[in-house]
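Chemist: One structure, as C-alpha coordinates, below. Some questions next.
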Amino acid sequence: MKLKTLRIHYNMKSKFQPDKNGYFGQFGGAFIPELLYPNVKELQDNYIQIIESDEFQKEYKSLLKDYVGRPTPLYLAKRLSEKYGAHIYLKREDLNHTGAHKVNNTIGQILIAQKLGKTKIIAETGAGQHGVATATVCALMGLECTVFMGEKDIVRQAPNVARMKMLGAKVVSATSGSKTLKDATNEAIRYWIQNPETFYLIGSVVGPHPHPDMVARLQAIISEEMKWQLKEKTGKENPDTIIACVGGGSNAAGAFYHYMDDKEVELIAVEAAGLGVKSGESAATSQLGEVGIIHGAKTILMQDEYGQIVEPYSISAGLDYPGVGPLHAFLYESKRAKFMNATDKEALVAAYELTKIEGIIPALETAHALAVLPKIKFKKDQVVVVNLSGRGDKDLETYIKHLED
(Lines of atoms letter the chains of each structure in order from A; the text may use other names.)
(Lines give C-alpha, C1' and ligand atoms only; values in the text may rest on other atoms or scores of the structure.)
Protein backbone atom coordinates (compact mmCIF):
# COMPACT_ATOMS: atom_id res chain seq x y z
CA MET A 60 0.00 0.00 0.00
CA LYS A 61 1.61 3.23 -1.12
CA LEU A 62 0.96 6.58 0.57
CA LYS A 63 3.97 8.69 -0.20
CA THR A 64 5.38 12.13 -1.06
CA LEU A 65 2.23 13.89 0.16
CA ARG A 66 4.02 17.21 0.57
CA ILE A 67 6.75 16.95 -2.03
CA HIS A 68 5.08 19.42 -4.40
CA TYR A 69 3.82 21.96 -1.83
CA ASN A 70 6.79 24.28 -2.23
CA MET A 71 6.84 24.21 -6.00
CA LYS A 72 6.72 27.54 -7.76
CA SER A 73 3.41 27.62 -9.56
CA LYS A 74 1.28 30.35 -11.08
CA PHE A 75 -1.69 28.41 -9.75
CA GLN A 76 -0.73 28.80 -6.11
CA PRO A 77 -1.91 31.97 -4.33
CA ASP A 78 0.31 34.94 -3.70
CA LYS A 79 1.06 36.17 -0.18
CA ASN A 80 -2.31 37.92 -0.02
CA GLY A 81 -4.21 34.82 -1.08
CA TYR A 82 -4.93 35.77 -4.69
CA PHE A 83 -5.03 33.43 -7.67
CA GLY A 84 -4.57 36.05 -10.36
CA GLN A 85 -7.31 38.59 -9.58
CA PHE A 86 -9.37 36.09 -7.56
CA GLY A 87 -9.27 35.28 -3.86
CA GLY A 88 -8.29 37.48 -0.94
CA ALA A 89 -9.99 37.74 2.43
CA PHE A 90 -13.01 40.04 2.66
CA ILE A 91 -14.04 39.55 6.26
CA PRO A 92 -15.67 41.39 9.17
CA GLU A 93 -13.27 42.88 11.69
CA LEU A 94 -14.41 40.43 14.37
CA LEU A 95 -13.08 37.51 12.31
CA TYR A 96 -9.71 39.05 11.56
CA PRO A 97 -7.82 37.49 14.52
CA ASN A 98 -9.06 33.99 13.67
CA VAL A 99 -8.34 34.25 9.96
CA LYS A 100 -4.95 35.88 10.55
CA GLU A 101 -3.99 33.13 13.01
CA LEU A 102 -4.81 30.53 10.37
CA GLN A 103 -2.97 32.46 7.64
CA ASP A 104 0.14 32.67 9.78
CA ASN A 105 0.21 29.01 10.77
CA TYR A 106 -1.49 26.68 8.28
CA ILE A 107 1.47 26.04 5.96
CA GLN A 108 3.91 25.58 8.81
CA ILE A 109 1.53 23.11 10.46
CA ILE A 110 0.80 21.15 7.26
CA GLU A 111 4.47 20.86 6.36
CA SER A 112 5.60 19.82 9.86
CA ASP A 113 6.80 16.26 10.37
CA GLU A 114 4.35 15.80 13.24
CA PHE A 115 1.33 16.75 11.11
CA GLN A 116 2.48 14.71 8.14
CA LYS A 117 2.98 11.58 10.23
CA GLU A 118 -0.43 11.83 11.91
CA TYR A 119 -2.25 12.90 8.74
CA LYS A 120 -0.85 10.10 6.60
CA SER A 121 -1.48 7.55 9.35
CA LEU A 122 -5.15 8.55 9.61
CA LEU A 123 -5.57 8.61 5.82
CA LYS A 124 -4.20 5.08 5.60
CA ASP A 125 -5.70 3.38 8.65
CA TYR A 126 -8.90 5.38 9.23
CA VAL A 127 -9.93 6.71 5.82
CA GLY A 128 -8.70 3.73 3.81
CA ARG A 129 -6.30 5.42 1.40
CA PRO A 130 -4.95 5.05 -1.18
CA THR A 131 -8.21 4.86 -3.10
CA PRO A 132 -8.08 2.62 -6.19
CA LEU A 133 -7.58 3.91 -9.71
CA TYR A 134 -9.93 1.60 -11.57
CA LEU A 135 -9.93 0.98 -15.32
CA ALA A 136 -13.61 0.97 -16.25
CA LYS A 137 -13.40 -1.51 -19.13
CA ARG A 138 -16.98 -1.42 -20.35
CA LEU A 139 -17.18 2.35 -20.07
CA SER A 140 -13.87 2.56 -21.95
CA GLU A 141 -15.18 0.31 -24.72
CA LYS A 142 -18.28 2.43 -25.13
CA TYR A 143 -16.43 5.75 -25.46
CA GLY A 144 -13.28 4.56 -27.22
CA ALA A 145 -10.72 5.64 -24.63
CA HIS A 146 -8.96 4.25 -21.56
CA ILE A 147 -11.24 5.62 -18.83
CA TYR A 148 -10.01 5.31 -15.25
CA LEU A 149 -12.12 6.12 -12.20
CA LYS A 150 -10.37 7.56 -9.15
CA ARG A 151 -12.47 5.86 -6.47
CA GLU A 152 -12.94 8.59 -3.85
CA ASP A 153 -16.35 7.02 -3.22
CA LEU A 154 -14.54 4.22 -1.38
CA ASN A 155 -13.21 6.55 1.32
CA HIS A 156 -14.62 6.26 4.84
CA THR A 157 -17.83 8.39 4.87
CA GLY A 158 -18.29 7.87 1.13
CA ALA A 159 -16.58 10.82 -0.56
CA HIS A 160 -13.44 12.90 -0.96
CA LYS A 161 -14.56 15.29 1.79
CA VAL A 162 -12.86 13.33 4.57
CA ASN A 163 -9.40 14.08 3.11
CA ASN A 164 -10.00 17.70 4.04
CA THR A 165 -11.76 17.22 7.36
CA ILE A 166 -9.04 14.92 8.69
CA GLY A 167 -6.42 17.55 7.86
CA GLN A 168 -8.39 20.52 9.16
CA ILE A 169 -9.32 18.84 12.43
CA LEU A 170 -5.61 18.28 13.10
CA ILE A 171 -4.92 21.95 12.31
CA ALA A 172 -7.76 23.01 14.62
CA GLN A 173 -6.28 20.96 17.42
CA LYS A 174 -2.84 22.47 16.86
CA LEU A 175 -4.48 25.91 17.23
CA GLY A 176 -6.23 24.87 20.43
CA LYS A 177 -9.78 24.92 19.02
CA THR A 178 -12.42 22.69 20.61
CA LYS A 179 -15.64 23.85 18.93
CA ILE A 180 -16.10 23.13 15.23
CA ILE A 181 -18.68 24.50 12.79
CA ALA A 182 -19.23 23.54 9.15
CA GLU A 183 -21.61 24.04 6.24
CA THR A 184 -22.89 21.29 3.99
CA GLY A 185 -25.00 20.88 0.85
CA ALA A 186 -25.20 17.23 -0.13
CA GLY A 187 -24.33 16.32 3.44
CA GLN A 188 -21.03 14.59 2.64
CA HIS A 189 -18.91 17.36 4.16
CA GLY A 190 -21.25 17.51 7.14
CA VAL A 191 -20.89 13.78 7.70
CA ALA A 192 -17.11 13.94 7.26
CA THR A 193 -16.89 16.82 9.75
CA ALA A 194 -19.14 15.10 12.27
CA THR A 195 -17.06 11.95 11.86
CA VAL A 196 -13.71 13.57 12.66
CA CYS A 197 -15.25 15.53 15.53
CA ALA A 198 -16.51 12.25 16.99
CA LEU A 199 -13.06 10.76 16.45
CA MET A 200 -11.36 13.63 18.28
CA GLY A 201 -14.05 14.30 20.89
CA LEU A 202 -14.85 17.84 19.70
CA GLU A 203 -18.16 19.73 19.70
CA CYS A 204 -19.67 19.94 16.20
CA THR A 205 -22.39 22.13 14.67
CA VAL A 206 -23.34 21.72 11.00
CA PHE A 207 -25.41 24.25 9.03
CA MET A 208 -27.52 22.81 6.21
CA GLY A 209 -30.23 24.25 3.97
CA GLU A 210 -33.78 23.29 4.88
CA LYS A 211 -34.35 21.96 1.36
CA ASP A 212 -31.16 19.86 1.50
CA ILE A 213 -32.12 18.44 4.91
CA VAL A 214 -35.18 16.93 3.25
CA ARG A 215 -33.50 15.59 0.10
CA GLN A 216 -30.40 14.32 1.93
CA ALA A 217 -32.17 12.78 4.94
CA PRO A 218 -29.80 9.77 5.29
CA ASN A 219 -26.80 12.08 5.74
CA VAL A 220 -28.70 14.19 8.27
CA ALA A 221 -29.38 11.04 10.28
CA ARG A 222 -25.70 10.07 10.09
CA MET A 223 -24.59 13.49 11.35
CA LYS A 224 -26.97 13.34 14.30
CA MET A 225 -25.92 9.77 15.09
CA LEU A 226 -22.30 10.99 15.14
CA GLY A 227 -23.23 13.58 17.76
CA ALA A 228 -23.40 16.72 15.62
CA LYS A 229 -26.01 19.42 15.95
CA VAL A 230 -27.64 20.10 12.57
CA VAL A 231 -28.96 23.67 12.15
CA SER A 232 -31.47 24.35 9.37
CA ALA A 233 -30.92 27.38 7.11
CA THR A 234 -34.36 28.67 6.16
CA SER A 235 -33.50 31.77 4.11
CA GLY A 236 -33.07 32.21 0.36
CA SER A 237 -33.08 29.00 -1.65
CA LYS A 238 -32.57 27.01 1.57
CA THR A 239 -29.55 25.23 0.08
CA LEU A 240 -25.74 25.35 0.27
CA LYS A 241 -25.34 29.11 -0.21
CA ASP A 242 -27.70 29.79 2.65
CA ALA A 243 -26.08 27.19 4.90
CA THR A 244 -22.76 28.94 4.30
CA ASN A 245 -24.34 32.32 5.10
CA GLU A 246 -25.65 30.98 8.41
CA ALA A 247 -22.32 29.36 9.28
CA ILE A 248 -20.47 32.65 8.68
CA ARG A 249 -23.02 34.57 10.79
CA TYR A 250 -22.53 32.09 13.62
CA TRP A 251 -18.76 32.34 13.21
CA ILE A 252 -18.92 36.13 13.55
CA GLN A 253 -20.94 35.80 16.75
CA ASN A 254 -18.70 33.01 18.07
CA PRO A 255 -15.18 33.79 16.79
CA GLU A 256 -13.61 31.27 19.17
CA THR A 257 -14.97 28.46 16.99
CA PHE A 258 -13.04 26.87 14.11
CA TYR A 259 -14.90 27.06 10.79
CA LEU A 260 -14.09 23.87 8.94
CA ILE A 261 -14.96 24.97 5.40
CA GLY A 262 -15.73 22.09 3.05
CA SER A 263 -14.63 23.43 -0.31
CA VAL A 264 -12.03 25.66 -1.96
CA VAL A 265 -14.12 28.72 -1.15
CA GLY A 266 -14.14 31.41 1.52
CA PRO A 267 -11.49 33.87 2.65
CA HIS A 268 -7.78 33.13 2.33
CA PRO A 269 -6.28 30.78 3.45
CA HIS A 270 -9.24 28.39 3.17
CA PRO A 271 -9.15 27.85 -0.63
CA ASP A 272 -5.43 27.07 -0.58
CA MET A 273 -5.58 25.00 2.60
CA VAL A 274 -8.41 22.81 1.31
CA ALA A 275 -6.68 22.38 -2.07
CA ARG A 276 -3.47 21.25 -0.33
CA LEU A 277 -5.36 18.72 1.77
CA GLN A 278 -7.23 17.37 -1.26
CA ALA A 279 -3.98 17.19 -3.29
CA ILE A 280 -3.55 13.62 -2.06
CA ILE A 281 -5.96 12.67 -4.88
CA SER A 282 -3.65 13.72 -7.72
CA GLU A 283 -0.56 12.68 -5.75
CA GLU A 284 -1.86 9.11 -5.74
CA MET A 285 -3.00 9.35 -9.36
CA LYS A 286 0.58 10.00 -10.47
CA TRP A 287 2.11 6.80 -9.13
CA GLN A 288 -1.02 4.76 -9.85
CA LEU A 289 -0.98 5.82 -13.52
CA LYS A 290 2.75 5.08 -13.66
CA GLU A 291 2.08 1.54 -12.46
CA LYS A 292 -0.83 0.99 -14.85
CA THR A 293 0.20 2.88 -17.99
CA GLY A 294 3.94 3.48 -17.67
CA LYS A 295 3.55 7.26 -17.38
CA GLU A 296 2.44 9.59 -14.59
CA ASN A 297 0.30 11.89 -16.70
CA PRO A 298 -3.13 11.15 -18.15
CA ASP A 299 -4.30 12.97 -21.25
CA THR A 300 -7.46 14.27 -19.58
CA ILE A 301 -8.83 14.69 -16.06
CA ILE A 302 -12.56 15.27 -15.55
CA ALA A 303 -14.17 16.38 -12.28
CA CYS A 304 -17.43 18.00 -11.23
CA VAL A 305 -17.30 21.52 -9.77
CA GLY A 306 -19.57 23.31 -7.34
CA GLY A 307 -17.22 25.08 -5.00
CA GLY A 308 -14.62 22.74 -6.43
CA SER A 309 -12.65 20.81 -3.77
CA ASN A 310 -12.65 17.42 -5.48
CA ALA A 311 -11.59 19.04 -8.76
CA ALA A 312 -8.86 21.02 -6.99
CA GLY A 313 -7.50 17.80 -5.55
CA ALA A 314 -7.66 15.95 -8.87
CA PHE A 315 -6.06 18.83 -10.80
CA TYR A 316 -3.51 19.93 -8.18
CA HIS A 317 -0.32 18.22 -9.34
CA TYR A 318 -1.15 18.65 -13.02
CA MET A 319 -2.03 22.35 -13.23
CA ASP A 320 1.43 23.38 -14.47
CA ASP A 321 1.60 20.58 -17.04
CA LYS A 322 -0.30 21.94 -20.02
CA GLU A 323 -0.14 18.57 -21.79
CA VAL A 324 -2.81 17.37 -19.34
CA GLU A 325 -6.28 18.58 -20.27
CA LEU A 326 -8.35 19.63 -17.25
CA ILE A 327 -12.14 19.55 -17.59
CA ALA A 328 -14.38 21.02 -14.89
CA VAL A 329 -18.08 20.17 -15.11
CA GLU A 330 -20.73 22.43 -13.59
CA ALA A 331 -24.42 21.80 -13.02
CA ALA A 332 -26.63 23.23 -15.78
CA GLY A 333 -29.82 22.30 -13.92
CA LEU A 334 -32.75 22.59 -16.31
CA GLY A 335 -30.49 24.26 -18.89
CA VAL A 336 -27.90 27.02 -18.81
CA LYS A 337 -30.36 29.63 -20.09
CA SER A 338 -33.40 28.27 -18.24
CA GLY A 339 -33.10 30.45 -15.16
CA GLU A 340 -32.77 27.23 -13.15
CA SER A 341 -29.04 26.54 -13.32
CA ALA A 342 -25.75 26.59 -11.41
CA ALA A 343 -23.40 26.92 -14.40
CA THR A 344 -21.35 29.67 -12.76
CA SER A 345 -18.66 30.08 -15.40
CA GLN A 346 -21.28 30.59 -18.12
CA LEU A 347 -23.64 32.81 -16.14
CA GLY A 348 -21.41 34.53 -13.60
CA GLU A 349 -19.44 37.75 -13.33
CA VAL A 350 -16.65 38.87 -11.02
CA GLY A 351 -17.87 39.63 -7.51
CA ILE A 352 -17.42 38.80 -3.85
CA ILE A 353 -19.12 35.94 -2.03
CA HIS A 354 -18.40 34.37 1.34
CA GLY A 355 -15.21 36.34 1.88
CA ALA A 356 -13.49 35.92 -1.51
CA LYS A 357 -13.41 37.61 -4.91
CA THR A 358 -14.43 35.14 -7.57
CA ILE A 359 -16.94 34.48 -10.34
CA LEU A 360 -20.54 34.28 -9.18
CA MET A 361 -24.07 34.44 -10.49
CA GLN A 362 -25.56 37.88 -9.85
CA ASP A 363 -28.14 40.25 -11.28
CA GLU A 364 -27.59 43.75 -12.67
CA TYR A 365 -27.68 45.16 -9.13
CA GLY A 366 -25.05 42.77 -7.81
CA GLN A 367 -27.55 40.62 -5.92
CA ILE A 368 -26.82 36.89 -5.93
CA VAL A 369 -28.97 34.86 -8.32
CA GLU A 370 -30.31 31.72 -6.68
CA PRO A 371 -28.70 28.62 -8.20
CA TYR A 372 -30.49 25.37 -8.98
CA SER A 373 -29.37 21.79 -9.49
CA ILE A 374 -30.81 18.37 -8.80
CA SER A 375 -27.51 17.84 -6.98
CA ALA A 376 -27.37 19.31 -3.48
CA GLY A 377 -23.59 19.64 -3.69
CA LEU A 378 -23.43 21.63 -6.93
CA ASP A 379 -26.14 24.27 -6.51
CA TYR A 380 -23.74 26.98 -5.38
CA PRO A 381 -23.88 30.42 -7.09
CA GLY A 382 -20.11 30.85 -7.19
CA VAL A 383 -16.96 28.86 -7.74
CA GLY A 384 -13.73 28.74 -5.74
CA PRO A 385 -11.17 31.45 -6.66
CA LEU A 386 -8.66 28.84 -7.89
CA HIS A 387 -11.24 27.57 -10.38
CA ALA A 388 -12.17 31.11 -11.37
CA PHE A 389 -8.50 31.61 -12.26
CA LEU A 390 -8.32 28.28 -14.09
CA TYR A 391 -11.34 29.40 -16.10
CA GLU A 392 -10.12 32.94 -16.82
CA SER A 393 -6.63 31.74 -17.78
CA LYS A 394 -8.18 29.01 -19.95
CA ARG A 395 -6.04 26.41 -18.17
CA ALA A 396 -9.17 24.35 -17.54
CA LYS A 397 -12.05 23.74 -19.90
CA PHE A 398 -15.42 24.32 -18.25
CA MET A 399 -18.36 22.20 -19.40
CA ASN A 400 -21.78 21.58 -17.91
CA ALA A 401 -24.43 18.90 -17.62
CA THR A 402 -28.16 19.15 -17.01
CA ASP A 403 -30.12 17.26 -14.38
CA LYS A 404 -31.36 14.83 -17.01
CA GLU A 405 -27.88 14.22 -18.44
CA ALA A 406 -26.52 13.54 -14.94
CA LEU A 407 -29.28 11.05 -14.21
CA VAL A 408 -28.65 9.21 -17.48
CA ALA A 409 -24.91 9.07 -16.72
CA ALA A 410 -25.55 7.76 -13.21
CA TYR A 411 -27.80 4.97 -14.45
CA GLU A 412 -25.27 4.12 -17.16
CA LEU A 413 -22.34 3.72 -14.77
CA THR A 414 -24.51 1.68 -12.43
CA LYS A 415 -25.64 -0.72 -15.14
CA ILE A 416 -22.35 -1.23 -16.98
CA GLU A 417 -19.80 -0.98 -14.16
CA GLY A 418 -21.81 -1.85 -11.05
CA ILE A 419 -20.96 1.47 -9.36
CA ILE A 420 -23.66 3.88 -8.15
CA PRO A 421 -22.14 7.39 -8.20
CA ALA A 422 -23.21 10.45 -6.25
CA LEU A 423 -25.33 12.89 -8.24
CA GLU A 424 -22.44 15.35 -8.10
CA THR A 425 -20.07 12.83 -9.70
CA ALA A 426 -22.71 11.94 -12.28
CA HIS A 427 -22.32 15.41 -13.77
CA ALA A 428 -18.65 14.67 -14.53
CA LEU A 429 -19.61 11.38 -16.15
CA ALA A 430 -22.32 13.11 -18.18
CA VAL A 431 -19.84 14.91 -20.43
CA LEU A 432 -18.27 11.68 -21.73
CA PRO A 433 -20.74 11.50 -24.68
CA LYS A 434 -19.90 15.13 -25.53
CA ILE A 435 -16.18 14.51 -26.01
CA LYS A 436 -14.57 12.95 -29.07
CA PHE A 437 -11.78 10.82 -27.64
CA LYS A 438 -8.71 9.58 -29.44
CA LYS A 439 -8.14 5.82 -29.63
CA ASP A 440 -5.52 5.48 -26.87
CA GLN A 441 -6.46 8.54 -24.84
CA VAL A 442 -6.02 8.08 -21.08
CA VAL A 443 -8.84 9.73 -19.15
CA VAL A 444 -9.30 9.94 -15.38
CA VAL A 445 -12.73 10.78 -13.99
CA ASN A 446 -12.64 11.72 -10.32
CA LEU A 447 -15.42 9.64 -8.79
CA SER A 448 -15.92 12.05 -5.92
CA GLY A 449 -18.65 10.25 -3.98
CA ARG A 450 -21.00 7.30 -3.83
CA GLY A 451 -24.72 7.42 -4.52
CA ASP A 452 -26.22 5.95 -1.35
CA LYS A 453 -27.35 9.42 -0.26
CA ASP A 454 -29.09 10.00 -3.61
CA LEU A 455 -31.04 6.73 -3.89
CA GLU A 456 -34.39 8.42 -3.20
CA THR A 457 -33.80 10.81 -6.12
CA TYR A 458 -32.60 8.00 -8.38
CA ILE A 459 -35.63 5.85 -7.55
CA LYS A 460 -37.97 8.77 -8.18
CA HIS A 461 -36.57 9.28 -11.70
CA LEU A 462 -36.11 5.64 -12.71
CA GLU A 463 -39.18 5.64 -14.93
CA ASP A 464 -38.48 9.02 -16.57
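Sequential numbering of the sequence shown, starting at 60, is according to my numbering.
For glycine and all other residues, C-beta sits at the position ideal for the given N, C-alpha and C.
Owing to the predicted nature of the structure, the values given are computational and were not obtained by experimental measurement.
Just how far apart, CA to CA, sit E364 and P371?
Modeler: Approximately 16 angstroms, taken between the alpha carbons.
Chemist: Counting Cβ pairs, one atom from each stretch, are 3 or more of them under 8 angstroms apart for the segment 273 to 285 and the segment 202 to 218?
Modeler: Result no; under three Cβ-Cβ pairs closer than 8 angstroms.
Chemist: With C-beta atoms as the reference, is Y259 less than 7 angstroms away from I353?
Modeler: No, the pair does not count as a contact, with Cβ atoms beyond the cut-off.
Chemist: By Cβ distance below 6 angstroms, which residues in the same chain neighbour Q451 in space, the five residues on each side in sequence not counted?
Modeler: Sequence check: residue 451 is Gly here, not Gln. Closer than 6 angstroms at the Cβ level, and outside the excluded window around G451, lie I420, P421, A422.
Chemist: With respect to the alpha helix (DSSP H) encompassing V443, which residues constitute its N-terminal and C-terminal limits?
Modeler: Careful: V443 lies outside any alpha helix (DSSP H), inside the beta strand (DSSP E) at 442 to 447.
Chemist: Are at least three pairs of beta-carbons, each pair with one atom in the segment 375 to 394 and one in the segment 336 to 355, less than 8 angstroms apart?
Modeler: As far as the Cβ criterion goes, the segment 375 to 394 touches the segment 336 to 355, which means the pair count is three or higher.
Chemist: With which residues is M208 paired in a DSSP beta bridge?
Modeler: Per DSSP, T184, S232.
Chemist: Since A331 sits in a beta bridge, which residues does DSSP pair it with?
Modeler: A331 is bridged to A342, A401.
Chemist: In three-state DSSP terms, what is P421?
Modeler: DSSP places P421 in strand when its eight states are reduced to three.
Chemist: Distance, Cα to Cα, G382 vs K241?
Modeler: Cα to Cα, G382 sits roughly 9 angstroms from K241.
Chemist: Which runs of the beta strand (DSSP E) fall wholly inside the segment 282 to 327 and span at least 3 residues, in chain order?
Modeler: You should have 300 to 304.
Chemist: Quick one: give me the first and last residue of the alpha helix (DSSP H) that K142 is part of.
Modeler: Where K142 is concerned, the enclosing alpha helix (DSSP H) stretches over 137 to 143.
Chemist: Starting from I252, trace the alpha helix (DSSP H) in both directions and tell me its first and last residue.
Modeler: Start and end: 240 to 253.
Chemist: Assuming the contact rule is C-beta atoms closer than 8 angstroms, V274 and H427 should be a hit. Round their C-beta distance to whole Å, please.
Modeler: Their Cβ separation, rounded to whole angstroms, is 20 angstroms, which puts V274 and H427 out of contact at 8 angstroms.
Chemist: Nearest-angstrom Cα distance between K460 and R138?
Modeler: Whole-angstrom Cα-Cα distance: 26 angstroms.
Chemist: Below 8 angstroms, how does it come out for the segment 288 to 301 and the segment 193 to 205: are there three or more Cβ pairs, yes or no?
Modeler: No, the segment 288 to 301 does not touch the segment 193 to 205.
Chemist: L455 to T414, Cα distance in whole Å?
Modeler: Going by the C-alpha atoms only, they are around 12 angstroms apart.
Chemist: Short check: CB of Q216 to CB of A376, under 7 angstroms?
Modeler: Result yes, Cβ atoms of Q216 and A376 sit closer than 7 angstroms.
Chemist: When you compare the CB positions of Y143 and V444, do they come within less than 7 angstroms of one another, or not?
Modeler: Their beta carbons are not under 7 angstroms apart, which means Y143 does not touch V444 by this criterion.
Chemist: Would you check if there are 3 or more beta carbon pairs closer than 8 angstroms linking the segment 167 to 176 to the segment 253 to 272?
Modeler: These segments touch.
Chemist: My output table needs one value for L149: the three-state DSSP class, helix, strand or coil.
Modeler: DSSP places L149 in strand when its eight states are reduced to three.
Chemist: From L102, S232, K124, S237, pick the residue whose C-alpha is nearest to that of K174; which is it?
Modeler: The shortest C-alpha separation from K174 is found at L102.
Chemist: Work out the CA separation of D113 and I374 for me, nearest whole Å.
Modeler: The alpha-carbon atoms of I374 and D113 are separated by roughly 42 angstroms.
Chemist: Identify which residue in V214, P218, L226, M225 has its Cα closest to the Cα of A233.
Modeler: Of the listed residues, the one whose Cα sits closest to A233 is V214.
Chemist: Alpha carbons only, please: which of K117, H270, K394 is nearest the one belonging to Y106?
Modeler: Selected option, being the one with the closest Cα: H270.
Chemist: Alpha carbon to alpha carbon, how far is K74 from A7? Give it in angstroms, no decimals.
Modeler: Absent from the model: residue 7. The displayed extent of the chain is 60 to 464, so no value can be given.
Chemist: Let me confirm a value: R249 is counted as buried when at least 16 other C-beta atoms fall within 10 Å, else exposed. Which label applies?
Modeler: Exposed, by the Cβ-count rule.
Chemist: Do the CB positions of A466 and L462 come within less than 7 angstroms of each other?
Modeler: The shown model of the chain, from 60 to 464, leaves out residue 466, and the question about it has no answer.
Chemist: Using the Cα positions of S140 and H146, report the straight-line distance between them to the nearest angstrom.
Modeler: S140 and H146: Cα-Cα distance of roughly 5 angstroms.
Chemist: Under the rule that 16 or more other beta-carbon atoms within 10 Å means buried, what is N164, buried or exposed?
Modeler: Classification for N164: buried.
Chemist: Please report how far the alpha carbon of T402 lies from the alpha carbon of G176, in whole angstroms.
Modeler: The straight-line gap from Cα to Cα measures roughly 44 angstroms.
Chemist: Spatial neighbours of G348 within its chain, please: C-beta separation below 6 angstroms, excluding the five flanking residues on both sides.
Modeler: Once the five neighbours on either side are set aside, the close Cβ partners of G348 are I359, L360, M361.
Chemist: Could you check if E152 is buried or exposed, using at least 16 other CB atoms within 10 Å of its CB as the buried criterion?
Modeler: Counting Cβ neighbours within 10 Å, E152 comes out buried, since at least 16 surround it.
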